[in-house]
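> Residue numbers (the numbering used here): 668 to 803.
Don't be surprised by glycine CBs; every beta carbon is placed ideally from N, CA and C.
1. Run through the region 739-794 for me and flag every whole alpha helix (DSSP H) of 4 or more residues, listed as ranges in chain order.
2. Out of 756, 752 and 741, point me to the one whose CA is closest to residue 676's CA.
3. Suppose the cutoff is 8 Å on Cβ atoms and the five residues either side in sequence are ignored; what does the same chain contact list for residue 776 look like?
4. Thinking residue 702 and residue 737 are a contact (beta carbons under 8 Å), I'd like their distance in whole angstroms, please.
5. When the distance is taken between beta carbons, is residue 735 closer than 7 Å to residue 704?
6. Would residue 796 pass as a contact of residue 680 if the rule is Cβ separation under 7 Å?
7. Between the Cα of residue 793 and the Cα atoms of 725, 730 and 748, which residue gives the shortest distance?
8. Identify which residue in 750, 717 and 685 has its Cα closest to the Cα of residue 739.
9. Which of helix, strand or coil does DSSP assign to residue 693?
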């Protein structure tokens, strides 16, 4: 999916700068068509990083606790990184069509606002979000 998913115009900070309170309450983001969250039970990220740096890969190990990898394409370059449970839950909520405000409620961290703000900035930089077509 990350390699051959459809192209789509990502959301930019300029687009969001024009949003009013009503827009934030109603906006429905979609994940870029190339984005996918994967559940991993092995040290896959360590293996990918080693290969990316032309280093000898580490031994394949089973993780103590399953993790999540976010995989997507930015332009023509595939990207991947690990994500935590709350970020994965929010991305899944948006992918399922929930408005942004409702997706924020899926975050269980006690002080979620700074986390969500940081994620949003990173998602914009990573070109992970697309606005549903009938939104501004």
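Concretely, from the data shown:
1. 752-762, 767-771 and 779-793
2. Locating residue 676 in the chain shown gives position 9, where the first residue counts as 1. When only C-alpha atoms are compared, the closest one is 741.
3. Translated into the one-based positions of the chain shown, residue 776 becomes position 109. Taken in chain order, the residues that qualify are 753 and 782.
4. Along the chain shown, one-based indexing puts residue 702 at 35. Along the chain shown, one-based indexing puts residue 737 at 70. The Cβ separation is near 7 Å, so the contact holds.
5. As a working note, residue 704 is residue 37 in the chain shown. As a working note, residue 735 is residue 68 in the chain shown. In this structure, residue 735 lies closer than 7 Å to residue 704 by Cβ.
6. On the chain shown, position 129 is the one that residue 796 refers to. On the chain shown, position 13 is the one that residue 680 refers to. Contact flag unset, no.
7. As a working note, residue 793 is residue 126 in the chain shown. Among 725, 730 and 748, the Cα nearest to that of residue 793 is on 748.
8. Position 72 of the chain shown, counted from the first residue, corresponds to residue 739. The residue with the shortest Cα to Cα distance from residue 739 is 750.
9. Translated into the one-based positions of the chain shown, residue 693 becomes position 26. DSSP places residue 693 in helix when its eight states are reduced to three.
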